[in-house]
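Here's the structure we're looking at; comments come further down.
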Amino acid sequence: MRNKKLGKIKLVKAATALKTIRIVKKYTQNDIKELTGYSRSLISSIERGIWSGKLSTLKTLFGKLGIDVKKIL
Numbered sequence: 656m657r658n659k660k661l662g663k664i665k666l667v668k669a670a671t672a673l674k675t676i677r678i679v680k681k682y683t684q685n686d687i688k689e690l691t692g693y694s695r696s697l698i699s700s701i702e703r704g705i706w707s708g709k710l711s712t713l714k715t716l717f718g719k720l721g722i723d724v725k726k727i728l
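FYI, in the numbering used here the residues of the sequence shown are 656 to 728.
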């Protein structure tokens, strides 16, 4: 995957997926922070759909959670 800015639809899908995964696994945002190394504020921004980062960041974040980002987006 190339490092491109995410479109709004992909961002909404990522936000929904991350929050769903977190709730199903009974993780807090701090748990995700510890598992992935990303800041809690970044995780919160993704979940709220206001983050405007790169697809490569999502690939890494979801990969550390054992999820293939291609299946989400």
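Think of the CB as a built atom: it goes at the ideal place given N, C-alpha and C, for glycine as much as any other residue.
Exercise. In whole angstroms, what separates the C-alpha of F717 from that of S696?
Worked result: Straight-line Cα distance between these residues: approximately 16 Å.
Exercise. Between which two residues does the alpha helix (DSSP H) harbouring G692 extend?
Worked result: No alpha helix (DSSP H) contains G692, which DSSP labels as neither H nor E.
Exercise. Under 8 Å, do L666 and G704 count as touching if we go by C-beta distance?
Worked result: A contact, by the Cβ cut-off of 8 Å.
For this session: Report the residue from D686, L661, L728 whose alpha carbon sits nearest the alpha carbon of S699.
Result: If we check each option's Cα against that of S699, D686 comes out closest.
For this session: Could you round the C-beta distance between T691 and L720 to whole angstroms and report it? I think they count as a contact, below 8 Å.
Result: 7 Å between Cβ atoms; contact.
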